[in-house]
Amino acid sequence: MSATERAGPPDLTDDQRRAALVKAAEARQIRAEIKEQLKRGDLLLNDLLLRSDNEPVVGRLKVLSMLEAMPGTGKVRARHIMRDLDISERRRLKGLGRQQRAGLLAHFTNEKQSRDHD
Numbered sequence: 104m105s106a107t108e109r110a111g112p113p114d115l116t117d118d119q120r121r122a123a124l125v126k127a128a129e130a131r132q133i134r135a136e137i138k139e140q141l142k143r144g145d146l147l148l149n150d151l152l153l154r155s156d157n158e159p160v161v162g163r164l165k166v167l168s169m170l171e172a173m174p175g176t177g178k179v180r181a182r183h184i185m186r187d188l189d190i191s192e193r194r195r196l197k198g199l200g201r202q203q204r205a206g207l208l209a210h211f212t213n214e215k216q217s218r219d220h221d
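Take 104 as the starting number for the sequence shown in my numbering and just add one per residue.
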């Protein structure tokens, strides 16, 4: 890199910076609503995974955050599930592989069936 080149964020106008802040706030709000829907049981994991393929904001939700929002799954249990399924704690929904998705779906399907039979 030459002396005239520099790394770092691009120079933005005040309007561009404000627009980026609004866009980021909207994305955080959408992800918070998704986590709340998961907690209430209003959103199914399979539906969320499908949305993550088509909606970039949803695809950027961290798997760990999503798992922690699932009913009956806290911080420790979420990390155990991720470890068992070989999912990095930094992974986002969009970056899940086919086997990881299948593993998550199987885990929560089996868990729901065992709760329903109790």
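Beta carbons: idealized from backbone N, C-alpha and C, even for Gly. Predicted, not measured: the structure shown is a model, and the values here were computed from it.
- Looking at the backbone, the Cα of residue 195 and that of residue 180 are separated by about 18 Å.
- The count of Cβ pairs closer than 8 Å, one atom from the stretch 166-175 and one from the stretch 132-141, reaches three, so the stretches are in contact.
- In this structure the stretch 141-151 does not lie against the stretch 109-118, because fewer than three pairs of beta carbons, one per stretch, are closer than 8 Å.
- Here residue 165 is bridged, per DSSP, to 195.
- Here residue 178 has 171 as same chain residues with Cβ atoms under 7 Å from its own Cβ, once five neighbours each way along the sequence are excluded.
- A direct Cα-Cα distance of roughly 27 Å separates residue 210 from residue 131.
- Comparing C-alpha distances from residue 156 to each of 208, 205, 176, 199 shows the shortest one belongs to 199.
- A Cβ-Cβ distance of about 10 Å is found for the pair residue 190 and residue 202, leaving them out of contact under the 8 Å criterion.
- Going by beta carbons, residue 188 and residue 206 fall inside the 7 Å limit.
- If you check the CB distance, residue 134 and residue 167 do not come in under 7 Å.
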